[in-house]
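Protein chains: 2
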Amino acid sequence: MIRPFDPTQERMAILAERSFGVLQSKLAAALLRYQRPHIVCVIDSEHAGKDASEIVSVGNGVPVVADLDAAMAMEPTLLTLGITPPGGALPDFWREFIADALSRGLHVMSGLHQFLADDAQFAALARKSGSRIWDVRRPPRDLPIGTQRSREVKARRVLTVGSDCRTGKMITSLELDAGAQRRGWSSAFCATGQNGIMLSGRGIAVDAVVSDFVAGATEEIVLEGAATGADWLFVEGQGSLIHPAYSGVTLGLLHGTLPTDMILCHQPSRSVLARQTVPIPPLTDLVRLYETAAGWLLPSRVVGIALNTFDLSEADAHAAVRRVQDETELSATDPIRFGVDVLLDALEASS
Amino acid sequence: MIRPFDPTQERMAILAERSFGVLQSKLAAALLRYQRPHIVCVIDSEHAGKDASEIVSVGNGVPVVADLDAAMAMEPTLLTLGITPPGGALPDFWREFIADALSRGLHVMSGLHQFLADDAQFAALARKSGSRIWDVRRPPRDLPIGTQRSREVKARRVLTVGSDCRTGKMITSLELDAGAQRRGWSSAFCATGQNGIMLSGRGIAVDAVVSDFVAGATEEIVLEGAATGADWLFVEGQGSLIHPAYSGVTLGLLHGTLPTDMILCHQPSRSVLARQTVPIPPLTDLVRLYETAAGWLLPSRVVGIALNTFDLSEADAHAAVRRVQDETELSATDPIRFGVDVLLDALEASS
Chain B
1 MIRPFDPTQE RMAILAERSF GVLQSKLAAA LLRYQRPHIV CVIDSEHAGK DASEIVSVGN
61 GVPVVADLDA AMAMEPTLLT LGITPPGGAL PDFWREFIAD ALSRGLHVMS GLHQFLADDA
121 QFAALARKSG SRIWDVRRPP RDLPIGTQRS REVKARRVLT VGSDCRTGKM ITSLELDAGA
181 QRRGWSSAFC ATGQNGIMLS GRGIAVDAVV SDFVAGATEE IVLEGAATGA DWLFVEGQGS
241 LIHPAYSGVT LGLLHGTLPT DMILCHQPSR SVLARQTVPI PPLTDLVRLY ETAAGWLLPS
301 RVVGIALNTF DLSEADAHAA VRRVQDETEL SATDPIRFGV DVLLDALEAS S
Chain A
1001 MIRPFDPTQE RMAILAERSF GVLQSKLAAA LLRYQRPHIV CVIDSEHAGK DASEIVSVGN
1061 GVPVVADLDA AMAMEPTLLT LGITPPGGAL PDFWREFIAD ALSRGLHVMS GLHQFLADDA
1121 QFAALARKSG SRIWDVRRPP RDLPIGTQRS REVKARRVLT VGSDCRTGKM ITSLELDAGA
1181 QRRGWSSAFC ATGQNGIMLS GRGIAVDAVV SDFVAGATEE IVLEGAATGA DWLFVEGQGS
1241 LIHPAYSGVT LGLLHGTLPT DMILCHQPSR SVLARQTVPI PPLTDLVRLY ETAAGWLLPS
1301 RVVGIALNTF DLSEADAHAA VRRVQDETEL SATDPIRFGV DVLLDALEAS S
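If you read the protein sequences in the order shown, they are chains B and A. Residue 351 is where the first sequence ends in our numbering, and the numbering goes up by one at each step. Residue 1351 is where the second sequence ends in our numbering, and the numbering goes up by one at each step.
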């Protein structure tokens, strides 16, 4: 896949104006967590002068600055849009930041639905300064259809699957990748959504692909991961097989990955999904459901459960982990709170 | 949904140059079967002078003519491209037919992947003559995501599902719709693919929709069908849940339709799918598989089996129907060879 630049080789300023520290800027926080060495500052006039870690508890030593003028003192080469608004459209007041950055020769990376490179003003500014725009949600041209190419990949393919959207699939895959590398395993993270792409510098946003090509796009992602030579591929899952809007994307991704192993991601405090219309079944049923759907093409096992307990007390989080372990007889953890060692142990044991 | 014209209100010439009667022109044959009253001629210089029914056994009284000049004597108002080539690209020698038709003020309807309206020459010719181009695969703008709106539809929603692609799902849905109307039932056919749209004059090609919107697009199709006031909606299925390339589209369509009933379509002579990589499981397993996946959101039953026996002798076709009935304990038929009465009986009995 062709990418205009490698964000992990750039000096990144994160634009989070008026939203650093709130849910809409979770990408900014994730960038600070996983790409800290490449980040020179966060732009948010409301928090200017603080350290990023004061706002989002990660990013120690990264200054928050008031505007692009202040950011330029850190010599950034890339401006990354650190929010993804619900509708995917570009907030008007961001236009001047982007135009200004392009004028100054900074690359711009965006996960918005609305492609910046298709904007005549932005395109002209980029041409003039020689900077480049990467709309990471834009699908590559000429995607193939799925033909089970992942089956031939020798690496273990670990897919995160979920009871719902936003249960921590991306974070779990990233934490598994980081934990595996700490153990000296050869591993790679495979991004399937815009935030994952911006965090890893590669991947395809499968939800932006024409439906006929979801499995084929996923195979491209898996093969690109395998081409790194990694023994373990941690593939970011999307949606849920029981979500009325996104189940098709989830199944295409599952059948494109043909995972050897799955990790089920769940938020214990959530019992209903999709605007409160679909009750989440017991986790044992969900485990069986994913194993069944994977098995239509290639048998696969759920080997562990990743819980997102951010809204629980420490005691309640521990209790939730124990309850889920008892219920499913699988290893469980909150990857952020308690680490992923039990999941890595379970993956290793299941080989 | 906005459509440039209603093909069932036009006088249609079908372009099948150099391919009438072969597999690539199965759309031409289907148009002659289901839209006979609106068709004035078929264009294919190799069969000029014959009656359409001599070539494809349907379309009695429709002349095959040599070129557009000859077709104009029948006063067509619409040229429909009667083939869908494998890659979806436009055969070069067809360009002149299309340009000529647009110059003469005929509308043009196309199911190609390559959109004719985006071609500068065609667009200019259409503007000049006032004719309109309908690329039926082009998705509507601003599709919603799926929110289970089909659940609120009072009509019975009968979805055709398949062991593979090209097992007769569209034809089965069309035959069920026609058979229901012969019985005096109030029914509508809901098209989900380009050929179905050209045959019925409405629908959305869900395989051309961005993956996030497949279920939402399907809901639009179902609601448009329900808006006709029909008691029975026969929804055209796509792909197969066990197809490595298209399973995601199939599940999105299934969860967008939330069928009350399903008809499983199968070609008895086929035992393996997807370039011979996926064995087709026993039909009883497939029945359970579709009922399971539908049931993740709304319980549904497979109430009958539609077999495509075009490549079997009459005796072998009868034997296949009996064998499948015994095996599945469900009503079975070949809709084209033996009609759909047993399926309609089964649907009526299952209410």
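Quick reminder that beta carbons are idealized off the backbone N, C-alpha and C, glycines included.
ask   = Any idea if B/Asn-195 is buried or exposed, counting beta-carbon neighbours within 10 angstroms, 16 or more meaning buried?
value = buried
**Q.** Alpha-carbon to alpha-carbon, A/Leu-1174 and A/Gln-1035
**A.** 11 Å
Checklist line | B/Pro-37 - DSSP class collapsed to helix/strand/coil | finding: helix
Q | 4-residue-minimum alpha helix (DSSP H) runs that sit fully inside the stretch 1230 to 1305 of chain A, ordered along the chain | A | 1247 to 1257, 1283 to 1295
task: Can you grab the Cα-Cα spacing for the pair B/Ala-180 / B/Ser-200, in whole Å?
output: 16 Å
Quiz item: When Cβ atoms are compared, which residues of the stretch 1232 to 1254 of chain A fall closer than 7 Å to chain B?
Solution: Leu-1241, Ile-1242, Pro-1244, Ala-1245, Tyr-1246, Ser-1247, Gly-1248, Val-1249, Leu-1251, Gly-1252
- Message: Which residues in chain A have a C-beta closer than 7 Å to the C-beta of B/Gln-148? List them in chain order.
- Response: Pro-1244, Thr-1277
_What does the alpha-carbon distance come out to for the pair A/Ala-1208 and A/Gly-1184?_
34 Å
| said: Any contact between the stretch 1069 to 1083 of chain A and the stretch 1005 to 1022 of chain A? By contact I mean 3 or more CB pairs, one from each, below 8 Å. | reply: yes
Checklist line | Of the listed residues A/Glu-1327, A/Thr-1228, A/Phe-1020, A/Asn-1308, nearest to A/His-1047 (C-alpha basis) | finding: A/Phe-1020
Residue from B/Leu-330, B/Ala-217, B/Ala-191 with nearest C-alpha to B/Gly-111
B/Ala-191
Opening and closing residue of the alpha helix (DSSP H) in which B/Met-198 lies: 194 to 200
Review point. If the cut is a Cβ gap below 9 Å, which residues of chain A does B/Ala-208 touch?
Key: Val-1210, Ser-1211, Asp-1212
Q.
Quick test of your reading: B/Leu-307 and B/Val-161, contact by CB under 8 Å. State the CB separation rounded to the nearest angstrom.
A. With a Cβ gap of about 14 Å, B/Leu-307 and B/Val-161 do not count as contacting.
Quiz prompt | Among B/Ala-123, B/His-113, B/Gln-114, B/Arg-202, nearest to B/His-107 - alpha-carbon criterion | solution = B/Ala-123
- Message: Distance check for B/Arg-151 and B/Ser-300, CA to CA, integer angstroms please.
- Response: 12 Å
Check your understanding: How long is the line joining the alpha carbons of A/Ala-1205 and A/Gly-1193, rounded to whole angstroms?
Key -> 4 Å
What residues in its chain sit with their C-beta under 6 Å from that of A/Pro-1259, if we drop five residues either side in the sequence? Arg-1157, Leu-1159, Ser-1300
Please compile the residues from chain A whose C-beta is within a distance smaller than 9 Å of the C-beta of B/Ile-145. Pro-1244, Ala-1245, Tyr-1246
For this session: Look up A/Thr-1080 in the DSSP assignment and give the residues it is bridged to.
Result: A/Ile-1014, A/Met-1109
(message) With a threshold of 9 Å between beta carbons, is A/Gly-1216 in contact with chain B?
(response) yes
Discussion item. Does A/Ala-1349 pass the burial test, meaning 16 or more other C-beta atoms within 10 Å, or should it be called exposed?
Written reply: exposed
**Asked** Using DSSP with H/G/I as helix, E/B as strand and the rest coil, what is B/Ala-332?
**Response** strand
* Based on Cα-Cα distance, which residue from A/Ala-1230, A/Val-1249, A/Ile-1002 lies nearest to A/Gln-1238? -> A/Val-1249
### Query
If you follow the alpha helix (DSSP H) that A/Thr-1218 is part of, which residue opens it and which one closes it?
1214 to 1226
key: Residue from A/Asn-1060, A/Val-1042, A/Leu-1079 with nearest C-alpha to A/Ala-1066   = A/Val-1042
Identify each residue in the stretch 1288 to 1309 of chain A for which the Cβ-Cβ distance to at least one residue of chain B is less than 8 Å, and report them in chain order.
Leu-1289, Thr-1292, Ala-1293, Trp-1296, Leu-1297
Subject >> Whole runs of the beta strand (DSSP E) within the stretch 1088 to 1170 of chain A, excluding any shorter than 3 residues >> reply: 1107 to 1110, 1133 to 1135, 1156 to 1162
Margin query: Quick check: the stretch 274 to 290 of chain B against the stretch 1261 to 1276 of chain A, are at least 3 beta-carbon pairs closer than 8 Å?
Written below: no
- prompt: Where does A/Thr-1080 land, buried or exposed, given buried means 16+ other C-beta within 10 angstroms?
  reply: buried
Does A/Ala-1274 have its Cβ less than 9 Å from a Cβ in chain B? yes
Cβ distance (whole Å) where A/Gly-1082 is taken to contact A/Leu-1023 below 8 Å | About 12 Å; that fails the 8 Å criterion.
* **6 Å Cβ shell around A/Pro-1063 - same chain, five flanking residues per side excluded** => Cys-1041
Which residues in the same chain as A/Cys-1165 place their Cβ atom closer than 6 Å to its Cβ, once the five residues preceding and following it in sequence are excluded? Gly-1239
Exercise for review: Spatial neighbours of A/Thr-1257 within its chain, please: CB distance less than 7 Å, with the 5 preceding and 5 following residues excluded, ordered by chain position.
Suggested key: Ser-1150, Arg-1157, Leu-1159, Thr-1218, Val-1222, Val-1235
Q.
Can you give me the C-alpha to C-alpha distance between B/Ile-197 and B/His-38, rounded to a whole angstrom?
A. 15 Å
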